[in-house]
Amino acid sequence: MQKRLWLIVSLLVIATMALTACTTPATPTATEAPVDETLTFGMLLVGPYNDHGYSEAHFVGGQYVEANVPNTKMVYVDKVNSADRPGTTPAQLAEELVAKGATVVIFNSDDMKDSAHEFAKAHPDIITIHASGDGAWKDGKDYQNIPNLSNVMGRMEYGKMMAGCAAALTTKTGQIGYLGPLINDETRRLASSAYLGAKYCWAKAGNDPAALKFKVTWIGFWFNIPGVTSDPTQVADDFYNSGFDVVISGIDTTEGLIEAGKMKAAGKEVWAIPYDYEKACQEGADVCLGVPYFNWGPAYAKYIKAIQAGTFTTGWEWLGPDWTNINNPDTSMVGFDKGAALSADASTALDSFIAELAGGLNLWTGPINLQDGTPLLADGVVASDLEVWYLPQLLEGMEGQSVSQ
Amino acid sequence: MPKTSSRWLGLLFQVGAVLLALLFTSIILLLVGAKPFQAYERIIYGAFSDMGHISDVLVVWVPLVLVSAGLLITYSTGLWNIGIEGQIALGAIFTVWAMRLLQDSSIPPVLIILVGFLAGMLGGALWAALAGALRVFGGVNEIFGGLGLNFVSTALTIWLIFGPWKRPGVGSMSGTVPFDTSLWLPMVGGSRLSLWSLGLGILGIVVVYFILQGTYFGLRLKAVGKNPRAAFLMGIPTSSYMMLAFILCGVFAGLAGAVQVTGVYHRLIPSISSGYGFLGMLVAMLVNYQAIGAPFVAFLFAALNIGSIQLPIDLKLDSTLSGVLQGALVLFVLLMDGVRRRVLHKK
């Protein structure tokens, strides 16, 4: 009797659901495909839309497009990762956005590479923009030759150099910690850029370059996944409790900053530099030296306008700051927003450093050795985009793991 | 009480449980400022609005029903196989291992996939046997043993992805390098559904149904579950039967892992089990450990999983709401079952 009862109940529930689905009015909801000429673009965010980090920077970029390009609308899914949305793939979620009318889909994370390529191949009519990828880079190591695939990335190397400089100008112990996400080409070059900036400003301030300690600790992903990654809160605490007084964050969330705030409240003199999102310092203004951030809006607005005009061509773009004003919201892909905890002297020195960068200073100039001592660049040789993008190790002088084991 | 009215009373309590679960979820929705009916409408839309969505539901249904089928065996034997998540993961790991070894050989892809499935079954069975051995020979409660083994399997998966099986030069949370498309289970049309895996899911639950309902072996399993001491005294080797139950469940979990690899992700990812182990436990509880209801409830849960994707897109609600509904269903069904028993007892 019992089993028959269950059969009936189960069938009843399913039938009710199916029936409701059949009788669902065909009138489109607020987010369904528009019938006018509005261009709907979709965005897949690896983290929460309000993470005060990488995903929020993208989300804000999407809002910028909606505000500045007429007849556009964004649809998005956040937390697109296998831990938060088990059983789904980014390609599957992208198709959900297409079902909402999206004719352009932006995949915002390097970790979505497989899915972005799979989706672009399966949907040749949808323009697929993979931020941080290299599948559309003809000279790159992973060129895919997919006609509807584009890549865009900011030259955050400059932002990280500024972060490293601000850290070196502030540290009193001469020990800078770098809270790294996972180990890949991108994260190696960003951590190394921070080191180059720190080393430059440290030496310029008259310090012994050999006395600067720069250590990278990787947590395993862009943000904390309990049980899977190392806990960034713990890693930041370890830094602050072992003599590192400035922690530069390479992850998408703000644990480094929050822990610095707690340490300061407890009487420690420590600072932090978050990452990705322009307003990240708000979570701990009194310990924040500044934040290197992405400003995705102008780039996406440019693409969407070109798509509307029918002039868009796919390709790979690595966009730098607008050196006339790195914080111009309408022109600069990468910016650095100084924090309240940056001293006046350090601020002035940082401005000089930024002016030097704007004037052509390139810290990716030899002699530079890789962490194991292998020469990367001979004296006076400037690194190519390929050499920087595919940096195989951290640099000589940095502590921390270079390759995942 | 006449049999018919008892049946109707039971039905009434079950429907009441479903309504209470919906009411509970609705209250939560109202508390966060959402409109419950709009949310339910979106879930239904997301699960059944077209063939694409229905096929996505079935993609989730296959591993879920396989896991549920396996769990029905351990439940029947009175065992709480909490380690099912790890058994799915080990199934996936063994499948990937076998396919990595063979992918560059001249062996036809179909055979490689077949070997992958067999390896997956072996991986799941071995991991389950470990939990079983801890229980039967070590006296470690299977709940604690299983939990521990789940942690070990997660660590093993992460280590493989970031270590020996990492992508060239980098470790990536997106998993190992995907297999060549020739090693993917063939999919129907433009969907993600493979008829092979669908067939496997159906076959799996049918086999378990017949084992439990129509065989002497199944009867003995249930006897061990009902009263192990009495079963032992009746001449049933309870230890062997418990071990067999674990191993059989592991085979099904390993199969689910193999399906996740060959039919869904085509590689090893950190969360390869997709939480289907724990979800399968809810399915088994909700069907009162009867195989006949498992495919339907698994389908309902799969529909909730897929349908709830619409919540963040359309309503900016967190899609974990489906988990709330699934959990509420189980809780209220158990609760109402208890109430029903009390009512019948009084009468």
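Chains A and B, in that order, are what the protein sequence lines are. If you're matching positions, the first sequence starts at 125 in this note's numbering and goes up one per residue. If you're matching positions, the second sequence starts at 35 in this note's numbering and goes up one per residue. The beta carbon of each residue, even a glycine, is placed where N, CA and C say it ideally should be. As the structure is a prediction and not an experimental result, all values here were calculated from the model.
On the three-pair Cβ rule with 8 Å, is the segment 194-211 of chain B touching the segment 287-306 of chain B?
yes
Starting from C412/A, follow its DSSP beta bridges and name the residues at the other end.
Sequence index remark: in the first sequence, residue 412/A carries index 288 (1-based). According to DSSP, C412/A bridges with A396/A.
Within 8 Å (strictly less), CB to CB, does D90/B reach chain A?
Locating residue 90/B in the second sequence gives position 56, where the first residue counts as 1. True, the Cβ-Cβ gap to chain A drops below 8 Å.
Output, in chain order, the set of chain A residues within a Cβ distance shorter than 9 Å of R226/B.
The residue you call residue 226/B lines up with position 192 of the second sequence. Under the 9 Å cutoff, chain A gives T213, A215 and Q216.
Is P248/A close to chain B, meaning its C-beta is less than 8 Å from at least one C-beta of that chain?
Looking up residue 248/A in the first sequence gives position 124. No, no contact with chain B.
Nearest to L57/B by CA position, among D371/B, F366/B and F333/B, is which residue?
Along the second sequence, read from residue 1 onward, the residue named residue 57/B stands at position 23. Comparing Cα positions, the closest option is F366/B.
Interfacial residues, the segment 284-317 of chain A to chain B, with Cβ spacing under 8 Å:
Listed by position, the residues of the segment 284-317 of chain A near chain B (Cβ gap below 8 Å) are L306, I307, N308 and D309.
Taking all protein chains shown into account, decide if G197/B is buried (16 or more other Cβ within 10 angstroms of its Cβ) or exposed.
The residue you call residue 197/B lines up with position 163 of the second sequence. It is exposed - the Cβ of G197/B has fewer than 16 other Cβ atoms within 10 Å.
Could you list the residues in the segment 217-246 of chain A with a C-beta less than 9 Å from some C-beta on chain B, going in chain order?
L217, E219, E220, L221, A223, K224, S233, D234, D235, M236, K237, D238, S239, E242 and A246
C-alpha distance - D202/A paired with G44/B, whole-angstrom precision:
Locating residue 202/A in the first sequence gives position 78, counting from the first residue. Locating residue 44/B in the second sequence gives position 10, counting from the first residue. So the alpha carbons of these two residues sit roughly 42 Å apart.
Nearest-angstrom Cα separation, counted from G374/A out to I492/A
Within the first sequence, residue 492/A is the residue found at index 368, counting from 1. Within the first sequence, residue 374/A is the residue found at index 250, counting from 1. Going by the C-alpha atoms only, they are around 22 Å apart.
If you measure from the beta carbon of A207/A to each beta carbon in chain B, is any gap under 8 Å?
If you number the first sequence from 1, residue 207/A lands on position 83. It does; some Cβ of chain B falls within 8 Å.
With 16 as the cutoff for other CB atoms within 10 Å, does W193/B come out buried or exposed?
Within the second sequence, residue 193/B is the residue found at index 159, counting from 1. Exposed, by the Cβ-count rule.
Locate the beta strand (DSSP E) running through M167/A, then write down its first and last residues.
In the first sequence, counting from the first residue as 1, residue 167/A sits at position 43. Taken as a continuous stretch (DSSP letters only), the beta strand (DSSP E) holding M167/A covers L163 to L168.
Using 8 Å as the cut-off, can you tell me whether the segment 99-113 of chain B makes contact with the segment 307-326 of chain B, which would need three or more C-beta pairs spanning the two stretches below that distance?
yes
Taking only beta-carbon atoms, is G238/B less than 8 Å away from chain A?
Sequence index remark: in the second sequence, residue 238/B carries index 204 (1-based). It does not; no Cβ of chain A falls within 8 Å.
When you compare only the Cα positions, how much space is there between L359/B and G259/B?
Here residue 359/B corresponds to residue number 325 of the second sequence, with the count starting at 1. Here residue 259/B corresponds to residue number 225 of the second sequence, with the count starting at 1. So the alpha carbons of these two residues sit roughly 29 Å apart.
Kindly indicate which three-state DSSP category D235/A falls into: helix, strand or coil?
Here residue 235/A refers to the residue found at position 111 when the first sequence is read from its first residue. Helix.
Starting from P97/B, trace the alpha helix (DSSP H) in both directions and tell me its first and last residue.
If you number the second sequence from 1, residue 97/B lands on position 63. The continuous alpha helix (DSSP H) containing P97/B extends over residues M85 to S110.
Is S476/A helix, strand or coil by DSSP?
By 1-based counting over the first sequence, the position of residue 476/A is 352. Three-state DSSP puts S476/A in a helix.
Less than 8 Å between CB atoms is the rule here; does F347/A satisfy it with respect to chain B?
Counting from 1 along the first sequence, the entry for residue 347/A is found at position 223. Using beta-carbon distances, F347/A does not count as an interface residue toward chain B, since no partner is under 8 Å.
For L168/A and L381/A, the rounded distance between their alpha carbons:
Start at 1 with the first residue of the first sequence, and residue 381/A comes out as number 257. Start at 1 with the first residue of the first sequence, and residue 168/A comes out as number 44. Rounded to the nearest angstrom, the two C-alpha atoms are 26 Å apart.
Inter-residue spacing [alpha-carbon to alpha-carbon] between T455/A and P422/A
For the purposes of this step, residue 455/A is taken as the residue at position 331 of the first sequence. For the purposes of this step, residue 422/A is taken as the residue at position 298 of the first sequence. Rounded to the nearest angstrom, the two C-alpha atoms are 6 Å apart.
Within 8 Å of any Cβ in chain A, is that where the Cβ of V94/B sits?
What you label residue 94/B is simply residue 60 of the second sequence in a count that begins at 1. Yes, contact with chain A.
Grab me the residues of G283/A's own chain with a C-beta within less than 6 Å of its C-beta, minus the 5 sequence neighbours each way, in chain order.
If you number the first sequence from 1, residue 283/A lands on position 159. The residues are P416, V458 and F460.
Less than 8 Å between CB atoms is the rule here; does D263/A satisfy it with respect to chain B?
Taking the first sequence and counting its residues from 1, one reaches residue 263/A at position 139. No, no contact with chain B.
Which same chain residues, not among the five before or five after A425/A, have their C-beta less than 6 Å away from its C-beta?
Here residue 425/A refers to the residue found at position 301 when the first sequence is read from its first residue. Result list for A425/A: V189, N192 and V193, in chain order.
With 8 Å as the threshold, decide whether the Cβ of V201/A is near any Cβ in chain B.
The count along the first sequence starts at 1 and reaches residue 201/A at position 77. It does: the Cβ of V201/A has a partner Cβ on chain B nearer than 8 Å.
If you pair each beta-carbon of the segment 272-292 of chain B with each one of the segment 113-126 of chain B, do three or more pairs fall below 8 Å?
Contact holds: three or more Cβ-Cβ distances are below 8 Å.
For H254/A, which beta-bridge partners are listed by DSSP?
Working through the first sequence from its first residue, we reach residue 254/A at position 130. When DSSP reads this structure, H254/A sits in a beta bridge with F231/A and N275/A.
Below 8 Å on C-beta distance, what does G351/A contact in chain B?
Along the first sequence, one-based indexing puts residue 351/A at 227. Neighbours of G351/A on chain B, chain order: F185 and T188.
Cβ closer than 9 Å: which chain A residues qualify as neighbours of P212/B?
Translated into the one-based positions of the second sequence, residue 212/B becomes position 178. Near P212/B (Cβ distances below 9 Å), the residues of chain A are D238 and E242.
Would you say L365/B faces chain A, with C-beta separation under 8 Å as the test?
By one-based count along the second sequence, residue 365/B stands at place 331. False, the Cβ-Cβ gap to chain A never drops below 8 Å.
Are the C-beta atoms of P210/A and some chain B residue less than 8 Å apart?
What you label residue 210/A is simply residue 86 of the first sequence in a count that begins at 1. For P210/A, the answer is yes, since a Cβ of chain B falls inside 8 Å of its Cβ.
Assigned exposure category for Y250/B - 16 Cβ within 10 Å defines buried:
Numbered from 1 along the second sequence, position 216 holds the residue referred to as residue 250/B. By the 10 Å Cβ count, Y250/B comes out exposed.
Give a yes or no on whether the C-beta atoms belonging to T377/A and P350/A are separated by under 8 Å.
Residue mapping note: residue 377/A aligns to position 253 of the first sequence, counting from 1. Residue mapping note: residue 350/A aligns to position 226 of the first sequence, counting from 1. Not closer than 8 Å, so no.
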